[in-house]
Every structure is written in C-alpha cells, then in structure tokens.
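Q:
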Amino acid sequence: MEVFVSRRLPREGLAALAQAGACSIQQWDSDEPVPRAELLAGVAGKHGLLCLLSDRIDKEVLDAAGPNLKIISTLSVGVDHLALDEIKKRGIRVGYIPDILTDATAELSVALLLAACRRLPEAVEEVKNGGWTTWKPLWLCGYGLSGSTVGIVGLGRIGQAVARRLKPFGVKTFLYTGTRPKPERAVEFQAQFVPLAKLAEESDFVVVTCSLTPGTEGMCNKDFFGRMKKTSVFINTSRGAVVNQEDLHQALVSGQIAAAGLDVTSPEPLPTDHPLLSLKNCVILPHIGSATFATRSAMAVQAAHNLLAGLRGERLPSELQL
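Counting from 1, position 59 in the sequence shown corresponds to residue 58 in numbering that gives the first Met the number 0; the numbering is continuous, with no gaps.
Right under this line is the structure:
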C-alpha cells in the first residue's frame with residue numbers, strides 16, 4: 000500500500016512506518032508546508048495520508064486521492080482542517096491524537112499565563128534596552144495568582160491539566176464553562192460550573208482551552224471582553240478563531256482588560272504588522288503548545304500507528320468517530 004506524508008516528521012514516527020513494512024512512503028521532506036499542487040499530486044492513488052493541522056484536506060484533495068484512500072491520520076488533536084462530512088461520505092477513517100498533547104499544552108498555558116500577568120517579555124526587553132536603572136516600587140508590577148479566581152473555558156483534558164497545575168499557586172476559586180467533565184474531575188478542583196458571561200465577569204484570569212466548533216467560533220468577542228474586569232488577564236491556547244481579534248485588540252488598547260497571552264491566532268502565522276503585535280500587554284507565541292521533544296516524537300509515533308492500523312483495517316489507537 001502507498002501513503003503520502005505531508006511533512007518532515009520526528010524520526011521516530013517515520014521509523015515506525017518504515018519498520019512496519021506495510022507500505023511504501025512518499026514524503027514532502029521539508030519543515031515548511033507542502034504546496035497545494037504538491038499535495039494534490041502526492042495523494043493521487045494513495046491508500047493512506049498522514050497530514051498536519053496546516054493541511055486543508057477538502058473535497059479537492061479527496062478527489063485527487065481517489066477511491067483507494069482508506070485512512071487519514073492527522074498529527075493533531077484538532078480536526079477543523081478536515082472536511083469531515085465529505086470524508087465520512089466516502090467511508091474514510093480518521094486517526095487523531097487527543098491525549099498525547101495534554102501535558103505539554105497545559106504547561107505552555109501556565110507559562111503563557113505567568114508571562115502575561117507578570118509582564119515577563121516587557122521585563123526582559125527592559126534589561127536589554129537599558130530601561131533597568133534602579134529598583135522602583137511600582138515598575139513592571141503585574142498580577143499574582145494567589146487568592147485569585149481562574150475561569151477555564153472548556154474543562155476537558157487540557158483544561159483539567161491546566162487547573163491541576165495552577166492549584167498549587169494558591170488559586171482560590173476555579174470556574175468553568177463548556178462541556179461538563181466527569182463529576183469527580185470538577186470536585187478535584189472544587190470547580191464551579193457557570194455560564195460564559197458569569198465566568199467573564201468573575202474571573203481574574205480566563206484560560207480558553209475549548210475546541211473550535213460553530214458554537215465557539217468568535218465566542219470571545221466585544222461582549223465577552225466588556226464583561227471582564229479591568230485587571231483581568233486573558234489566555235487562549237485553543238484555536239485562534241475562538242477569539243475576535245479586533246475586539247481583543249480594542250479591549251487591550253482601551254484598558255478594558257489588563258493583558259492577554261495567545262499561543263494561537265487567526266491566521267497563522269500572524270502577519271508581522273498585525274496590531275496585536277504592537278502591544279506590550281499582549282504576549283503572542285507561534286503555536287508551540289505541544290513543542291517538547293518528547294511530545295512531538297510521541298505524536299509522530301501515534302500518528303504512524305493510526306495510519307498503519309487504518310491500512311490494515313484494524314482498530315485505530317485513536318480514531319475520530321464520524
């Protein structure tokens with residue numbers, strides 16, 4: 000069987016495919032995204048496709064692949080890049096990796112929260128540009144977590160992992176909204192389920208970890224930010240499209256909220272002249288939530304195992320139910 004791999008992978012993932020001996024591999028061997036024309040040519044006649052979140056797998060790609068395509072394995076938790084209705088219609092299976100990224104993304108969420116609320120990028124820049132002159136009582140003061148209320152939008156795997164890491168900082172109250180977790184999980188953090196509007200109004204820190212759906216797209220908008228405290232800090236490590244970035248910019252410029260930290264934007268990469276990048280109170284990272292060596296290697300191996308199981312008609316380690 001023949002497969003197309005749309006990017007250069009951690010060596011462990013490619014080795015898992017090669018050692019299985021179940022398929023011949025054609026790969027776009029680059030760290031940069033595969034050009035559209037190369038993707039369309041690469042998938043032609045293939046039985047399997049291993050793709051990334053940045054690869055738009057739509058009807059055009061599926062048509063180019065043809066009837067042989069049995070399995071699409073994506074190196075991601077998110078699947079909003081896949082035309083799922085069309086994929087389901089054609090009887091193609093989908094493998095994804097929902098569990099492996101949890102710890103790394105939760106760690107990054109906490110790091111981004113601390114960077115934004117304690118103004119760490121500003122402080123580093125002041126050291127570099129000579130702004131550090133002497134100790135000053137109010138210089139570069141930010142906001143601490145001790146005794147605070149943290150609102151988590153989406154208390155799923157990643158949201159729970161974030162709460163677990165924040166609890167030792169002395170957070171007083173956890174609020175959450177979105178899909179309700181198992182009762183024992185909510186009890187673990189003594190988390191209170193509240194509507195989104197109340198979460199915005201009462202939280203000192205808001206961390207968004209929910210999935211991108213039609214119901215969550217643009218959810219963090221002018222009304223949402225308008226309900227937040229002027230001392231609140233907003234963090235998004237879910238998907239860029241969950242946030243109305245124009246409304247976020249206005250909230251930061253006007254002082255409606257104190258600061259923001261984003262690991263995801265819309266689009267990605269964010270243009271270097273985007274207004275958000277001009278703000279000192281907005282920390283933006285290049286979607287590195289899962290960027291640890293161990294996590295990326297494990298992601299590649301599981302994506303390979305999903306692909307191989309799909310080719311063999313076996314149970315996938317992690318299959319998206321369509």
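Note that CB positions come from ideal geometry on N, CA and C, so glycine has one too.
The structure displayed is predicted, hence computed values, not measured ones.
Can you give the beta carbon distance from V193 to T176, rounded, assuming they're within the 8 Å contact cut?
A: Right, their Cβ atoms sit about 6 Å apart.
Q: Is N128 helix, strand or coil when you go by DSSP?
A: Reduced to three states, the DSSP call for N128 is helix.
Q: Which residue's Cα is closest to the Cα of D62: D79, L52, E85?
A: E85
Q: Between S147 and the rest of its own chain, which residues show a CB-CB distance below 7 Å, the 5 nearest in sequence each way excluded?
A: V170, K171, D203, F204
Q: In whole angstroms, what separates the C-alpha of Q191 from that of R163?
A: C-alpha separation (whole angstroms): 15 Å.
Q: Could you have a look at G155 and say whether DSSP puts it in helix, strand or coil?
A: coil
Q: Please work out which residues of its chain come closer than 6 Å, Cβ to Cβ, to L275, disregarding the five sequence neighbours upstream and downstream, and give them in chain order.
A: H248, C281
Q: Go ahead and label N128 buried or exposed: buried means 16 or more other beta carbons lie within 10 angstroms of its beta carbon, across all protein chains shown.
A: exposed
Q: What's the gap between the Cα of V232 and the Cα of Y142?
A: 9 Å
Q: Can you confirm whether the stretch 98-116 touches the stretch 254-261 when touching is taken to mean that 3 or more C-beta pairs between the two stretches lie within less than 8 Å?
A: Touching, yes, given that three or more Cβ pairs across the two stretches are closer than 8 Å.
Q: Spatial neighbours of Q25 within its chain, please: C-beta separation below 8 Å, excluding the five flanking residues on both sides.
A: Take Q25, set aside five residues on each side of it, and the residues of its chain with a beta-carbon closer than 8 Å to its own are E1, V2, F3, V4, G41, K45, in chain order.
Q: Which first and last residues belong to the alpha helix (DSSP H) in which R10 is found?
A: 10-19
Q: Is the beta carbon of L49 closer than 9 Å to that of L306?
A: In contact: L306 and L49 (Cβ atoms closer than 9 Å).
Q: Give the C-beta separation of C219 and N243 to the nearest angstrom, bearing in mind that I take them to be a contact with Cβ-Cβ under 8 Å.
A: The distance from the Cβ of C219 to that of N243 is about 7 Å, consistent with a contact at the 8 Å cut-off.
Q: Are the stretch 85-105 and the stretch 148-158 touching, with three or more C-beta to C-beta distances below 8 Å?
A: yes
Q: Smallest Cα separation from L261: which of G312, E59, T104, P66?
A: T104
Q: Measuring only the C-alpha atoms, how far is L139 from F188?
A: 31 Å
Q: Where do the N-terminal and C-terminal ends of the alpha helix (DSSP H) with I86 fall, by residue?
A: 83-88
Q: With DSSP as the reference, label L327 as helix, strand or coil.
A: Past the boundaries of the shown model lies residue 327; the chain is included only from 0 to 321, so the question cannot be answered.
Q: Should D54 be labelled buried (16 or more other beta-carbon atoms within 10 Å of its own) or exposed?
A: With 16 or more other Cβ atoms from the protein chains shown falling within 10 Å of its own Cβ, D54 counts as buried.
Q: Taking the straight line between their C-alpha atoms, what separation do you get for D246 and K221?
A: 5 Å
Q: Since L174 and L137 should fall inside the 8 Å C-beta cutoff, what is the C-beta to C-beta distance between them, to a whole number of angstroms?
A: Going by Cβ atoms, the distance from L174 to L137 rounds to 30 Å, so no, they are not a contact pair.
Q: Please tell me whether S317 and G94 are closer than 9 Å, where the distance is taken between their beta carbons.
A: yes
Q: In this structure, does DSSP put E318 in helix, strand or coil?
A: strand
Q: Helix or strand or just coil, what does DSSP make of N243?
A: coil
Q: Comparing alpha-carbon positions, which option in I96, I91, V207, E59 lies nearest T73?
A: I96
Q: In angstroms with no decimal places, state the Cα-to-Cα distance between L165 and L107.
A: 12 Å
Q: Alpha helix (DSSP H) containing F292: first to last residue?
A: 292-311
Q: Taking the DSSP output, what are the residues bridged to C219?
A: V242
Q: My guess is that A15 and H304 are in contact by the Cβ rule of under 8 Å, so how many angstroms apart are they, rounded?
A: 7 Å
Q: Does DSSP put C22 in a helix, a strand or coil?
A: C22 falls in the coil class under three-state DSSP.
Q: Buried or exposed: where does W27 fall if 16 or more other Cβ atoms within 10 Å of its Cβ makes it buried?
A: buried
Q: For A82 and R92, what's the separation of their Cα atoms in angstroms?
A: 12 Å
Q: On a Cα-Cα basis, can you pick out the residue from A290, A302, G312 that is closest to E11?
A: A302
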